[in-house]
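Colleague:
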Amino acid sequence: MPQSRRAKKSYTITRKLRGGNTRCMFIQPVDNEGLGNELYRYAMGLGALEPDMTLCKLPQQKIQHNPVKNYRRLFNGVMYNRNARVNAAKNVVKSSNTPAEGNGKIPYASWQGYNYVEGAIDKVKDNLIRNEFRKFPERYTFEYDSSTTAFMHIRLKDYEETGWALPFSYYERALEKLFQKSSSIEKVLVVSDNIQKCKDYFHEKQTPKLIFIEGKDELQTLYIMMKCEAGAIISPSTFSSWGAMLGADRKQSKPPIIYPSPWLHFNEDTMNFPDWWIKLPTQAGGERPCIIVDLLPKEGLGNKLSSFAAALIVKEKANLPICIMNSTTPHSTTDYDSLFDAEKIERPANMNSIKNVMKPRTNLSEFSKNIVNYNWSKNTGKNVKITPNLYQHFKSLLPVVSAMKEMLIRNEFGKGEYKPIKDADSCAFMHIRRGDYVTRGWSLPESYFVNALSELSSRSSTIQTIYVFTNEPGFCESHLETWKQKVPSKTIECKTDLNELQTLYMMMQCRGGAILSSSTFSAWGALLGPNENLESVIIYPNEMPHFSGSMNPMSFPDRWVAM
Numbered sequence: 017m018p019q020s021r022r023a024k025k026s027y028t029i030t031r032k033l034r035g036g037n038t039r040c041m042f043i044q045p046v047d048n049e050g051l052g053n054e055l056y057r058y059a060m061g062l063g064a065l066e067p068d069m070t071l072c073k074l075p076q077q078k079i080q081h082n083p084v085k086n087y088r089r090l091f092n093g094v095m096y097n098r099n100a101r102v103n104a105a106k107n108v109v110k111s112s113n114t115p116a117e118g119n120g121k122i123p124y125a126s127w128q129g130y131n132y133v134e135g136a137i138d139k140v141k142d143n144l145i146r147n148e149f150r151k152f153p154e155r156y157t158f159e160y161d162s163s164t165t166a167f168m169h170i171r172l173k174d175y176e177e178t179g180w181a182l183p184f185s186y187y188e189r190a191l192e193k194l195f196q197k198s199s200s201i202e203k204v205l206v207v208s209d210n211i212q213k214c215k216d217y218f219h220e221k222q223t224p225k226l227i228f229i230e231g232k233d234e235l236q237t238l239y240i241m242m243k244c245e246a247g248a249i250i251s252p253s254t255f256s257s258w259g260a261m262l263g264a265d266r267k268q269s270k271p272p273i274i275y276p277s278p279w280l281h282f283n284e285d286t287m288n289f290p291d292w293w294i295k296l297p298t299q300a301g302g303e304r305p306c307i308i309v310d311l312l313p314k315e316g317l318g319n320k321l322s323s324f325a326a327a328l329i330v331k332e333k334a335n336l337p338i339c340i341m342n343s344t345t346p347h348s349t350t351d352y353d354s355l356f357d358a359e360k361i362e363r364p365a366n367m368n369s370i371k372n373v374m375k376p377r378t379n380l381s382e383f384s385k386n387i388v389n390y391n392w393s394k395n396t397g398k399n400v401k402i403t404p405n406l407y408q409h410f411k412s413l414l415p416v417v418s419a420m421k422e423m424l425i426r427n428e429f430g431k432g433e434y435k436p437i438k439d440a441d442s443c444a445f446m447h448i449r450r451g452d453y454v455t456r457g458w459s460l461p462e463s464y465f466v467n468a469l470s471e472l473s474s475r476s477s478t479i480q481t482i483y484v485f486t487n488e489p490g491f492c493e494s495h496l497e498t499w500k501q502k503v504p505s506k507t508i509e510c511k512t513d514l515n516e517l518q519t520l521y522m523m524m525q526c527r528g529g530a531i532l533s534s535s536t537f538s539a540w541g542a543l544l545g546p547n548e549n550l551e552s553v554i555i556y557p558n559e560m561p562h563f564s565g566s567m568n569p570m571s572f573p574d575r576w577v578a579m
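Residue numbering for the sequence shown follows my numbering, starting at 17 and increasing by one per position.
(1) Between the region 188-195 and the region 118-130, do three or more beta carbon pairs fall short of 8 Å?
(2) What is the rounded straight-line gap between the Cα of residue 98 and the Cα of residue 72?
(3) What first and last residue would you give for the alpha helix (DSSP H) that runs through residue 444?
(4) Restricting to Cα atoms, I'd like to know which of 295, 399 and 215 is closest to residue 340.
(5) Hey, residue 451 and residue 487: beta-carbon distance below 9 Å or not?
(6) Quick check on DSSP: helix, strand or coil for residue 69?
(7) Among the candidates 310, 155 and 180, whose CA atom is the shortest distance from the CA of residue 233?
(8) Tell me which residue opens and which closes the beta strand (DSSP E) that residue 228 is part of.
(9) From residue 412 to residue 572, what distance separates their C-alpha atoms?
(10) Any chance the region 250-265 sits against the region 168-175, with 3 or more Cβ pairs inside 8 Å?
(11) Are the region 435-444 and the region 517-536 in contact at 8 Å, needing three or more beta carbon pairs?
(12) Can you give me the C-alpha to C-alpha distance between residue 476 and residue 553, rounded to a whole angstrom?
(13) Any idea what DSSP makes of residue 248, helix, strand or coil?
(14) Taking C-beta to C-beta, are residue 203 and residue 227 nearer than 9 Å?
(15) Residue range of the beta strand (DSSP E) that residue 529 falls in?
(16) Which residues share a DSSP beta bridge with residue 39?
(17) Per DSSP, residue 597 forms a beta bridge with which residues?
(18) Please give the ranges of any beta strand (DSSP E) in the region 413-474, keeping only runs that are unbroken, at least 3 residues long and fully inside the region.
(19) Name the DSSP beta bridge partners of residue 288, please?
(20) In chain order, what are the residue ranges of uninterrupted beta strand (DSSP E) at least 3 long that sit wholly in the region 487-518?
(21) When the Cβ atoms of the region 319-328 are set against those of the region 404-420, are three or more pairs found closer than 8 Å?
(22) On the premise that residue 195 lies in contact with residue 119, defined as a C-beta separation below 8 Å, what is that separation, rounded to the nearest angstrom?
(23) Going by DSSP in three states, residue 481 sits in which element: helix, strand or coil?
(24) In whole angstroms, give me the CA-to-CA distance for residue 309 and residue 522.
(25) Report the option in 457, 422, 514 and 501 whose CA atom is closest to the CA atom of residue 485.
(26) State buried or exposed for residue 367, treating a residue as buried only when at least 16 other CB atoms are found within 10 Å of its CB.
(27) Start and end of the alpha helix (DSSP H) containing residue 256?
(28) Residue range of the alpha helix (DSSP H) that residue 321 falls in?
(29) List the whole-angstrom C-beta distance separating residue 545 from residue 570, where the pair is believed to meet the contact cut-off of C-beta under 8 Å.
(30) Taking contact to mean 3 or more Cβ pairs, one atom from each stretch, closer than 8 Å, check whether the region 152-170 and the region 203-214 are in contact.
(31) Kindly list the residues whose CB is nearer than 7 Å to the CB of residue 184, restricted to its own chain and excluding five residues on each side of it in sequence; keep chain order.
(32) Should residue 14 be labelled buried (16 or more other beta-carbon atoms within 10 Å of its own) or exposed?
(33) Do you know how far the Cα of residue 150 is from the Cα of residue 123?
(34) Between residue 469 and residue 416, is the Cβ-Cβ spacing less than 9 Å?
(35) Please name the residue, chosen from 137, 352 and 182, that lies closest to residue 317 on a Cα-to-Cα basis.
(36) If you measure between the beta carbons of residue 305 and residue 336, is that distance less than 9 Å?
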């Protein structure tokens with residue numbers, strides 16, 4: 017090739033790397049970002065273009081959620097310059113900032129805001145249809161009526177790792193709001209990166225009108241969301257927002273589009289969605305105030321039940337739903353959210369709360385009195401925050417014990433895996449808490465349980481079987497013969513292979529009587545079960561080892577027997 021032709025070719029290549037003879041608007045994608053963020057940067061670039069400009073984009077190596085795919089074909093018509101010189105290009109942060117001559121450059125940012133891309137949404141949609149959805153019709157099918165179909169996008173997998181996943185209660189409330197706003201919605205298509213978990217949750221709730229979409233990749237999911245024009249429920253995901261913006265948002269009728277507030281981990285909304293989109297608070301104290309109760313992360317199930325029972329007492333006066341925090345326990349890896357008729361929250365949305373301040377160990381009856389005397393008419397639109405406390409005053413909790421039992425049966429113990437025991441009226445239980453109590457020096461002496469067995473036997477001739485529950489199997493086995501000798505007419509059986517919920521269920525079944533340890537867990541076993549039987553015998557330790565002196569704030573029912 018002659019020297020002049022080589023020089024001319026080299027010059028042409030150089031000009032193309034800089035944008036060629038056409039002015040360029042450069043955008044810089046980033047590896048490992050998702051398709052949603054990619055579309056926001058693309059739209060930002062499209063919106064800033066002048067008529068004589070071309071969008072110039074460095075190729076992205078991979079998409080976070082689809083690393084084997086290169087989405088270059090989505091953006092046909094965009095010049096890809098791996099070595100383009102963009103240093104001299106003027107930074108463009110809004111369309112009015114586009115230079116009159118020379119190249120422009122969209123600075124690296126996520127550009128996650130409706131206001132940044134509003135003018136380019138139709139262009140993005142047209143390009144996706146032309147470059148992808150229309151080219152491969154066998155991949156993109158939609159068998160529903162777009163005008164009566166909405167979608168709900170639930171992002172879980174990576175968000176569960178980062179702590180950004182929303183509780184299912186948000187999506188439940190969003191569905192309720194969606195159907196309130198539109199009576200024409202006949203179907204809601206559920207799309208998710210963990211569709212089985214969504215199916216498990218909503219099938220149990222028997223939520224109507226939901227269709228779970230399975231086996232679709234990222235682009236097919238985007239297409240399905242785009243076709244749902246009757247409304248949308250989105251997760252805090254830019255991918256999710258594009259599904260709504262390309263579909264329901266384009267309709268003049270302004271169908272309901274529901275989004276979470278705040279967005280992700282931010283304290284305020286950053287997406288600047290249109291005013292007619294519906295903001296739904298993800299935490300208590302926003303749209304719908306509630307009774308906020310902290311179930312104390314370091315406390316066991318017994319104290320959590322007491323705290324929730326205290327909230328039920330408040331509910332009778334405040335007439336607000338209950339929101340719970342910290343439902344896990346140090347004794348189990350089980351998440352106890354589903355036990356309680358309440359919304360799970362991570363934190364209150366704001367501090368617009370009434371705080372019922374109580375000193376530690378305060379008599380719960382005093383708390384109840386304060387609740388009764390409070391002027392609730394002044395509390396409109398505010399949260400009620402129950403001060404974290406143990407609320408171990410059982411006489412005051414008696415009015416809500418039946419409601420607690422109904423809730424536990426409905427939410428957990430009504431499942432088929434829980435089998436009722438035979439002859440429940442002739443069965444009693446003895447709960448022996450060891451483990452952490454031994455370490456703390458709170459375990460009761462063996463003599464207490466031996467004497468309690470004698471007392472139980474002498475007070476009730478109807479009890480035939482005594483089940484022993486303990487968190488130290490070896491202790492039960494080593495003392496079993498001693499107990500049997502003390503009450504030879506009774507059958508004593510160790511139950512050491514049950515988890516917390518199975519143990520609580522069996523204690524509830526033992527209507528004949530109970531021997532308690534110094535534990536609110538065993539106290540709840542007695543309250544929910546044998547206490548209902550007025551002929552039962554319930555024995556508890558007169559002095560609680562973890563309280564100083566003879567102080568006993570638990571205040572058990574008068575007919576229970578103190579030893």
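Just so it is clear, CB atoms sit at the ideal spot from N, CA and C, and this is done for glycine as well. In this text the structure is predicted, and so the values were computed from the model without any measurement.
Modeller: So, to answer that:
(1) no
(2) Legend: pLDDT at residue 98 = 47, less than 50; position of this residue unreliable, value from coordinates given subsequently. Taking the straight line joining both Cα atoms gives about 10 Å.
(3) Note, residue 444: premise wrong, no alpha helix (DSSP H); beta strand (DSSP E) at 443-448.
(4) 399
(5) yes
(6) strand
(7) 155
(8) 226-228
(9) 9 Å
(10) yes
(11) yes
(12) 7 Å
(13) strand
(14) yes
(15) 529-531
(16) 69
(17) With the chain represented from 17 up to 579, any question about residue 597 goes unanswered, as that position is not in the structure.
(18) 443-448
(19) None, per the DSSP bridge assignment.
(20) 507-511
(21) yes
(22) That belief does not hold up - the Cβ atoms of residue 119 and residue 195 are roughly 50 Å apart, past 8 Å.
(23) strand
(24) 27 Å
(25) 514
(26) Model confidence at residue 367 stands at a pLDDT of 44, short of 50, so the residue's coordinates are unreliable; what they give is reported in the following sentence. With fewer than 16 Cβ atoms within 10 Å of its Cβ, residue 367 is classed as exposed.
(27) 254-262
(28) 317-334
(29) Contact flag wrong, Cβ pair sits at about 17 Å.
(30) yes
(31) 217
(32) Residue coverage of the chain in this structure runs from 17 to 579, which leaves residue 14 outside it and unanswerable.
(33) 32 Å
(34) no
(35) 352
(36) yes
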